[in-house]
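Asks: Starting off with a structure, shown below.
In our numbering, the protein residues as written are 35 to 544.
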């Protein structure tokens, strides 16, 4: 199949990127491929051009299928390029908790899937991807945590991880912890570029600027895509969020925001991954192979649209300054992730679907789980054995506690209540550049903001997806939906998530 690459033309359409990450400094986001127009036919349609979509496309092409990948914006404009490039196989919920949830044998399989994903990334990476095997440390800054961390270390060893208890952790304030050997880091922006090259080499057809409509039918073989349509035998939703319209998936994978800072520091940091045991945890690593004084720190996760984003970024800055002598900030950014309530990713056939597969709920470790998902889904499409098929089934029920479920749904309920509760009147003179708010303006319920150029925007505050009330994010200058994670520019253009349209013009009935 002939590639549709245009060899780097960058003016085909406006690219709306969520992030201004460290990786974008080296490799700005530009469209390389044309949008879809007219009718197109393929064996497998992959929706989403991040690590999950590109790896799935390569997997299916290597198995002899014709593959088409559609990306709504441009490769590198979404969540993958907003990650921090950590590659580890340590269970997010903790090794002991994973064994309690799945049992030892299934928990070992769970870990093997992620170690195999790191191996696959290493196989695909080239020199400019800056892939390097390094150690990783789980640690605490509190001596009283030693017994708990030793139990976690013993469980990690039982899961097959190459882990050692260590008496000294090479990072400021660490008191106790253990080391995982042969984990890795990568320049994720360059790796996405590498995956794109590999996909083109394997005759994957790629369209950018091509939003694909949701996979809502039990069985569908044609979907609207951009200004055209694609017909296919099988479709894979690899857009990080739920792309099927299944309400159970929206409820089971609430959206969260996480923050990152790249900083120049005076002291060299050991080339390793570090994360503490706070909740949510903080983590840090060296950014690349050639500058031991450029580091990336991350953390301060919270439910999207439910708190002051600026305060969370300042908390991360404070954490960084308390542990390092910071000479300057190279980049600050945030990313949205989808956190499964039961702690396990959603990978497999879509709930109630016959020919649609998806990967969502990859938490904050989507680089490894996205890669693992590609391999699992490819096996599933071919009818081969699917590891942990039941445990990772997107339609599963019963693995999360009622308390966890109710806590997350309370956020959704509170947001919907904002549609009917009295709203404060907006004083537009008090809204500065880069600020926004929702309230009453000239008798209407309005989302009002003033962008960085001083332009005013007045829009409906109701998310066009399923009616959540949008909140303004003053760190990213976006309108964010706490319900299902839709995100929009200050002027209301769709950026990311389940919505398939821009924010609506003001409607007094709202």
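All C-beta atoms in this analysis are idealised placements derived from N, C-alpha and C, irrespective of residue type, glycine included.
Got a sec, what are the start and stop residues for the alpha helix (DSSP H) residue 545 sits in?
Replies: Given a span of 35 to 544 for the chain in the structure shown, any question on residue 545 remains unanswerable.
Asks: Less than 7 Å between C-beta atoms, sequence neighbours within five positions excluded: which residues of the same chain meet that for residue 43?
Replies: Note that residue 43 scores 33 on pLDDT, short of 50, meaning its location in the model is unreliable; the coordinates nonetheless yield the value given after this. Around residue 43: no qualifying Cβ.
Asks: Which term fits residue 302, buried or exposed, when burial requires 16 or more other beta carbons within 10 angstroms of its beta carbon?
Replies: With fewer than 16 Cβ atoms within 10 Å of its Cβ, residue 302 is classed as exposed.
Asks: From 297, 311, 355 and 315, pick the residue whose C-alpha is nearest to that of residue 329; which is it?
Replies: Among 297, 311, 355 and 315, the Cα nearest to that of residue 329 belongs to 297.
Asks: Roughly how many whole angstroms lie between the Cα atoms of residue 287 and residue 395?
Replies: The straight-line gap from Cα to Cα measures roughly 5 Å.
Asks: Check each candidate in 497, 505, 509 and 503 and name the one with the smallest Cα separation from residue 632.
Replies: The structure shown does not extend to residue 632, since the chain is modelled only from 35 to 544, so the question has no answer here.
Asks: Hey, out of 273, 272 and 254, whose CA is closest to residue 264's CA?
Replies: Checking every option, the nearest Cα to that of residue 264 belongs to 254.
Asks: Do the CB positions of residue 344 and residue 514 come within less than 8 Å of each other?
Replies: Cβ atoms of residue 344 and residue 514: not closer than 8 Å.
Asks: Would you tell me roughly how many angstroms separate the C-alpha atoms of residue 158 and residue 67, rounded to the nearest one?
Replies: So the alpha carbons of these two residues sit roughly 21 Å apart.
Asks: Just to confirm before moving on: does the CB-CB distance between residue 411 and residue 226 stay below 8 Å?
Replies: Their beta carbons are not under 8 Å apart, which means residue 411 does not touch residue 226 by this criterion.
Asks: According to the Cβ coordinates, are residue 152 and residue 402 closer than 8 Å?
Replies: For residue 152 and residue 402, yes; Cβs fall inside 8 Å.
Asks: I'd like the ranges of any alpha helix (DSSP H) spanning at least 4 consecutive residues and lying wholly in the stretch 319-387.
Replies: Within the stretch 319-387, the complete alpha helix (DSSP H) runs of at least 4 residues are 343-357.
Asks: Can you check whether the CB of residue 106 is closer than 8 Å to the CB of residue 546?
Replies: The chain is shown only over 35 to 544; residue 546 falls outside these bounds and no answer can be derived.
Asks: Roughly how many angstroms lie between the CA atoms of residue 320 and residue 311, to the nearest whole one?
Replies: Taking the straight line joining both Cα atoms gives about 19 Å.
Asks: Would residue 350 and residue 362 qualify as a contact pair, given that the criterion is a beta-carbon distance under 8 Å?
Replies: Taking 8 Å as the Cβ cut-off, residue 350 and residue 362 do not qualify as a contacting pair.
Asks: In chain order, which alpha helix (DSSP H) runs of at least 4 residues are fully inside the stretch 213-259?
Replies: Listed in chain order, the complete alpha helix (DSSP H) runs (minimum 4 residues) inside the stretch 213-259 are 222-235.
Asks: What is the DSSP secondary structure of residue 72, reduced to helix, strand or coil?
Replies: If DSSP states are grouped into helix, strand and coil, residue 72 belongs with the strands.
Asks: Does the beta-carbon distance from residue 470 to residue 458 come in below 8 Å?
Replies: No, the pair does not count as a contact, with Cβ atoms beyond the cut-off.
Asks: Taking just the CA atoms, how far does residue 223 sit from residue 406?
Replies: Roughly 19 Å between the two C-alpha positions.
Asks: Using a Cβ distance threshold of 8 Å, determine whether the stretch 158-172 contacts the stretch 211-220, with at least three qualifying pairs required.
Replies: Yes, the stretch 158-172 touches the stretch 211-220.
Asks: Which same chain residues end up closer than 6 Å to residue 504 when comparing Cβ atoms and leaving out the 5 residues on each side of it in sequence?
Replies: Closer than 6 Å at Cβ, skipping near neighbours: 481, 495, 497, 513 and 515.
Asks: With burial defined as no fewer than 16 other Cβ atoms inside 10 Å of the residue's Cβ, what is the status of residue 390: buried or exposed?
Replies: So residue 390 ends up on the buried side.
Asks: So which of 99, 112, 195 and 100 has the shortest CA-CA distance to residue 57?
Replies: Comparing Cα positions, the closest option is 112.
Asks: Kindly indicate which residue of 116, 93 and 91 has the alpha-carbon position closest to the one of residue 59.
Replies: Checked all of 116, 93 and 91; the closest Cα to residue 59 is 116.
Asks: Pairing CB atoms from the stretch 126-134 with CB atoms from the stretch 183-197, are three or more of them under 8 Å?
Replies: Flag = yes, the stretch 126-134 and the stretch 183-197 touch.
Asks: Going by DSSP, what residues sit across from residue 79 in a beta bridge?
Replies: Answer is 102 and 269, bridged to residue 79.
Asks: Just to confirm my understanding: we take residue 92, look at its own chain, exclude 5 residues before and 5 after, and list those with CB closer than 8 Å. What are they?
Replies: Taken in chain order, the residues that qualify are 158, 229, 232, 233, 236, 238 and 408.
Asks: Please name the residue in 267, 83 and 365 whose C-alpha comes closest to that of residue 416.
Replies: The option with the nearest alpha carbon to residue 416 is 267.
Asks: For residue 202, which of 189, 177, 331 and 323 has the nearest alpha-carbon?
Replies: With distances taken between Cα atoms, residue 202 lies closest to 177.
Asks: Cutting at 8 Å between CB atoms, please list the residues of its own chain near residue 487, excluding the five before and the five after it.
Replies: Hits under 8 Å: 467.
Asks: Name the DSSP bridge partner or partners of residue 308?
Replies: 171 and 318.
Asks: Strictly by DSSP, which residues pair up with residue 263?
Replies: The partner list for residue 263 (beta bridge, DSSP) reads 73 and 258.
Asks: Taking the alpha carbon of residue 455 as the reference point, which residue from 462, 440, 438 and 479 has its own alpha carbon closest?
Replies: That would be 479, whose Cα lies nearest to the Cα of residue 455.
Asks: Let me make sure I understand the geometry here. Which of 99, 436, 271 and 492 has the alpha-carbon closest to that of residue 383?
Replies: Considering only alpha carbons, the answer is 271.
Asks: So, are the CB atoms of residue 83 and residue 103 less than 8 Å apart?
Replies: Yes; because the gap between Cβ atoms is below 8 Å, this pair is in contact.
Asks: Assuming residue 399 is part of the alpha helix (DSSP H), what are its boundary residues?
Replies: Run containing residue 399: none; DSSP gives neither H nor E here.
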